[in-house]
Structures are given as structure tokens and as C-alpha cells.
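Numbering (the working numbering), first residue to last: 982 to 1333.
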Amino acid sequence: MAYRKEQWGVMPSGEAVTLYTLYNDNGVSASFTDLGGTWVTMNVPDRDGKLVDVVLGYDSVEAYLENPPHFGAPIGRNANRIAGAKFTLNGKEYRLAANDGTNNLHSAPDLYHDRLWEAETEEGALGTVISFSLFSPDGDQGYPGNANITVSYTLTPDDSLVIAYHMVSDSDTVANFTNHSYFNLDGQDGGNAMSQRVWIDADTYTAADAGSIPTGEIVPVAGTPMDFTAMKVIGRDIEEEYEALILGKGYDHNWILNHASGETELSAAAESDKTGIRMEVYTDLPGMQFYTGNFLGAGPAGKNGMVYAPRYGYCFETQYYPNAVNMPEFPSPVLKAGEEYRTTTIYRFTRW
């Protein structure tokens, strides 16, 4: 395994921003930056051996400092939404910024992926590991606890990208991280991605209101457009007159994954007829937000000047359920003081 390190740009403060690229012996490569610990490229071979970059993103530091879609970003301390931009923990109410109507989305606006993280590389059992670390002080984004956070990436010999998250806090707090990469297996410049196929190992999803806050109802997917238990073209049902799709303007929902063991298991997959590329998603988390890029179009032009329009990419955001900190019936994202938050999500690339 090998890696390359190069200066990529500068922060407004004048600090240097570095781009790291991991390689394996199959010609596969993946790039990351210490600006936010962000995943920038994923070059994998198609059925003819041609390398295809399958993640949407930008070519410059300046664009990533805008990044309204959160391309490639680790999201924390809490991914997804918290109702009313507040929660109560140990009898104390904590208030966050209301950046999505009256709710908080992705712990914005003071985003981790707008910050410079500390980077370190080491040789692991499966290849070179690039780790990005951040200290988040008590009160940061509105959350309690001084937290030490690490997100690490490993490109393995079998063309898997392993993302491992770790966090420790000195106070009880919320820990619910995800990666917000948008995939298009036709290539980042492949245009509308809704002809690609997706499978999700989930028999139910969490119903949500007009603000995308779960109502508490757990809905079976069988017989609905939300059913991806068999591989299905993404766009087949996306325009159906179905309440969840109308409210989300497409797919933007939390599927309850069938595995309950806490082990890292195959949870979703996607395929492209055009390139023959298949991606499998493994996770140990209980939920997955499948989002079809319904609001893409804002922000700078993408890689090589590509203009991303709605539905030009899709996300598999592994997570605890939205608003779980306020809903005791859901798996809890609360991290106790001194305990370790550890979770792993893997994206494996093959040809079919």
C-alpha cells in the first residue's frame, strides 16, 4: 500500500490544507483532506478497467469551505435532525442553532467539516490508515462535554474504503456521526443517477413529518415505494403520489436496518449498468438515511466544472435515527462520560 501527501490550498487563516491519497495494488485510489477530514475522490475501475471517480465533490479548498451539500464530510456531533433544535440530557436542556426551519440539521452552522483537523498516517493490518483528529470543547455547537474525535480511513486490498469513528467525552453528550458522500456509479460527471439500482436490508422505515422529524411510527416498506428489499431502479417509484416521497421531494428517509447484532454487516448495495460498478455498504449502526440528492444544485461547480443538479447522486448515511436523543423508544445516541464511541462503515467496490 502507498499514499501521497500534497499541499492543496490554504485556509482563510493562512494555514495550509493538505490532500492525502491512498492507493492499493489494484490501481484503486481514494483522496481525503484535513479540511474537515473530508472524503474527496474514489477512483475505481469499471468493467473495462477504466478508472471512474464515483463520489461527487470539488476541486478546491475554496469550494469545500462553501460545500452546502456537505460533499464527503464527516458529520457530527449529531448527524441528521434534532427537533426544535434542543434536547434534554440528565435533566438539563441544551439548545442548538435552528438551521432547518425550527430544527437543527447536521449540527450546523458551526460544522466540523469547515475546520482543519490533525492528520496522521500509519500502516495497519489492511493497508495505510489516514486518521483525522479534532478536539471539540464543551459547549461546541451547543453540546456538552470536551470531546476528542477521530475519523480514520483505510483503503483495503479488496477495494473497500473503511471508515472508523471514535469519540471520548468528559461529560455525557451526543455522538452520532455519519459520512455525507454522494455516490454516482456512472461517475461523478455521470448526470442523473436515478437509473442505477439500490438494495437496502430494511423491512421498515421511520415515518416523518413535513420537517423530516420522525413521528414515532414505524412503517413496513412492503407494498410501498419505500421497498428496496429487492434490487430496484432508484427512479422507478420516486415520483409516486406517496406521502413520504411528496414530503421529502424524493427519497430522504431513515431505513431501520434489519441487523440488530451491532456487528458490521452488509446493509445496502448499488449497481450501475453503464459502468458495471457495484458498491456494497456495511455498517454496525441501526439506521441508514438514503437520500437521492433532491436539493442538489446550490453552491460552486463541482469537479472539472461539473454542475450537479438534483438527483445526480445519492447518499447512504449510516446513523442513529433522526431526533433519537429526544425519542427514548429509539436506539440512543447518548455517549456516557469516559466511554468510547466506536462505529465502522465500509464501502466495498466490485464489478458485476
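A virtual CB, placed ideally from N, CA and C, is assigned to each residue, including glycine. Given the structure is predicted, the values throughout are model-derived calculations rather than measurements.
Alpha helix (DSSP H) segment containing Glu1101, residue limits: Stepping through the sequence shown from its first residue, residue 1101 is reached at position 120. Here Glu1101 belongs to no alpha helix (DSSP H); instead the beta strand (DSSP E) covers 1099-1105.
Beta-bridge partners of Phe1052, as assigned by DSSP: As a first step, residue 1052 is located in the sequence shown; it is residue number 71 there, counting from the start. Looking at the DSSP output, Phe1052 shares a beta bridge with no other residue.
Of the listed residues Asp1081, Asp1184, Gln1177, Ala1189, nearest to Val1214 (C-alpha basis): As a working note, residue 1214 is residue 233 in the sequence shown. For the residues Asp1081, Asp1184, Gln1177, Ala1189, the minimum Cα distance to Val1214 belongs to Gln1177.
Paired residues, beta bridge with Ser1141 - DSSP: Start at 1 with the first residue of the sequence shown, and residue 1141 comes out as number 160. According to the DSSP secondary-structure assignment, Ser1141 is paired through a beta bridge with Arg1329.
At least 3 beta-carbon pairs within less than 8 Å: the segment 1029-1043 vs the segment 1122-1136: Output reads no: the segment 1122-1136 does not touch the segment 1029-1043.
Beta-carbon gap between Ser1162 and Trp1020 smaller than 8 Å: Counting from one through the sequence shown, the residue named residue 1162 turns up at place 181. Counting from one through the sequence shown, the residue named residue 1020 turns up at place 39. The answer is yes: Cβ separation under 8 Å.
Inter-residue spacing [alpha-carbon to alpha-carbon] between Glu1320 and Arg1028: Numbered from its first residue, the sequence shown carries residue 1320 at position 339. Numbered from its first residue, the sequence shown carries residue 1028 at position 47. One C-alpha to the other measures close to 45 Å.
Segment contact, 8 Å Cβ cut-off, at least three pairs: the segment 1251-1259 with the segment 1171-1185: Touching, yes.
Limits of the unbroken alpha helix (DSSP H) element including Val1202: Stepping through the sequence shown from its first residue, residue 1202 is reached at position 221. In the DSSP annotation of this structure, Val1202 is not part of any alpha helix (DSSP H), being labelled neither H nor E.
Completely contained beta strand (DSSP E) runs for the segment 1291-1316, where each covers 3 or more residues: Taking only runs of at least 3 residues, the beta strand (DSSP E) segments lying wholly in the segment 1291-1316 are 1296-1300.
Residue environment, Leu1032, which counts as buried when at least 16 other CB atoms sit within 10 Å: Working through the sequence shown from its first residue, we reach residue 1032 at position 51. Exposed.
Helix, strand or coil at Gly1345 [DSSP, three-state]: Nothing can be reported for residue 1345, as the shown portion of the chain is limited to 982 through 1333.
Through-space distance from Arg1292 to Thr1256, alpha-carbon basis: Translated into positions along the sequence shown, residue 1256 becomes position 275. Translated into positions along the sequence shown, residue 1292 becomes position 311. C-alpha separation (whole angstroms): 18 Å.
Buried or exposed (CB count within 10 angstroms, at least 16 for buried), Asp1151: For the purposes of this step, residue 1151 is taken as the residue at position 170 of the sequence shown. Looking at its Cβ environment, which holds fewer than 16 other Cβ atoms inside 10 Å, Asp1151 is exposed.
Proximity winner among Leu1097, Ala983, Phe1158, relative to Asp1015 (alpha-carbon distances): Taking the sequence shown and counting its residues from 1, one reaches residue 1015 at position 34. With distances taken between Cα atoms, Asp1015 lies closest to Leu1097.
Distance, Tyr1124 Cα to Ala1318 Cα: If you number the sequence shown from 1, residue 1318 lands on position 337. If you number the sequence shown from 1, residue 1124 lands on position 143. Those two C-alpha atoms are separated by around 13 Å.
Cut-off 6 Å between Cβ atoms - residues of its own chain near Tyr1232, not counting five sequence neighbours on either side: By 1-based counting over the sequence shown, the position of residue 1232 is 251. Same-chain partners within the cutoff: Phe1271, Thr1273.
Rounded straight-line distance, which links the Cα of Pro1138 to that of Tyr1295: Taking the sequence shown and counting its residues from 1, the one referred to as residue 1295 is at position 314. Taking the sequence shown and counting its residues from 1, the one referred to as residue 1138 is at position 157. C-alpha separation (whole angstroms): 25 Å.
Reference Phe970, options Leu1003, Ser1248, Asp1170, closest by Cα: Only positions 982 to 1333 of the chain appear in this structure, which leaves residue 970 out of reach.
Member of Ile1111, Ser1088, Pro1090 whose CA lies at the smallest distance from the CA of Glu1099: In the sequence shown, the residue the question calls residue 1099 occupies position 118. Ile1111 is the residue among Ile1111, Ser1088, Pro1090 whose C-alpha sits nearest the C-alpha of Glu1099.
Pick from Thr1002, Leu1316, Val1143 that is closest to Ala1128, judged by C-alpha positions: In the sequence shown, residue 1128 corresponds to position 147, counting from 1. Looking at the Cα atoms, Leu1316 is the closest of the given residues.
is_contact[Gly1168, chain D] using C-beta, thresh 8 Å: Judged by its chain identifiers, the structure shown contains no chain D, having just a single protein chain.
Asn1275 to Gly1018 span [Cα, whole Å]: As a working note, residue 1275 is residue 294 in the sequence shown. As a working note, residue 1018 is residue 37 in the sequence shown. Those two C-alpha atoms are separated by around 25 Å.
Proximity winner among Asn1160, Tyr1075, Leu1142, relative to Asp1119 (alpha-carbon distances): Residue numbering aside, residue 1119 sits at position 138 when the sequence shown is read from its first letter. Ranking Asn1160, Tyr1075, Leu1142 by Cα distance to Asp1119 puts Tyr1075 first.
Proximity of Leu1070 and Asp1153 at Cβ, strictly below 8 Å: Sequence index remark: in the sequence shown, residue 1070 carries index 89 (1-based). Sequence index remark: in the sequence shown, residue 1153 carries index 172 (1-based). The answer is yes: Cβ separation under 8 Å.
Three-way DSSP call (helix, strand, coil) for Glu1074 in this model: Taking the sequence shown and counting its residues from 1, the one referred to as residue 1074 is at position 93. Of the three classes helix, strand and coil, the one that applies to Glu1074 here is strand, per DSSP.
Nearest to His1087 (by Cα), restricted to the options Gly1126, Asn1160, Gly1286: Taking the sequence shown and counting its residues from 1, one reaches residue 1087 at position 106. When Gly1126, Asn1160, Gly1286 are compared, the shortest CA-CA separation from His1087 is found for Asn1160.
Contact under 8 Å by Cβ, Ala983 with Tyr1001: One-based indexing of the sequence shown puts residue 983 at position 2. One-based indexing of the sequence shown puts residue 1001 at position 20. No, the pair does not count as a contact, with Cβ atoms beyond the cut-off.
Ordered list of beta strand (DSSP E) runs contained in the segment 1182-1247, each at least 3 residues: Listed in chain order, the complete beta strand (DSSP E) runs (minimum 3 residues) inside the segment 1182-1247 are 1185-1189, 1195-1201, 1233-1237.
3-residue-minimum beta strand (DSSP E) runs that sit fully inside the segment 983-1069, ordered along the chain: DSSP runs (the beta strand (DSSP E)) wholly in the segment 983-1069: 983-991, 997-1004, 1010-1014, 1019-1026, 1032-1034.
Residue from Leu1226, Ala1282, Val1009 whose Cα sits closest to the Cα of Leu1046: Along the sequence shown, one-based indexing puts residue 1046 at 65. The shortest Cα separation from Leu1046 among Leu1226, Ala1282, Val1009 belongs to Ala1282.
Per-residue burial, Trp1333 [other beta carbons within 10 Å of its own, 16 or more giving buried]: Your numbering for residue 1333 matches position 352 in the sequence shown. The residue is exposed, with fewer than 16 neighbouring Cβ atoms inside 10 Å.
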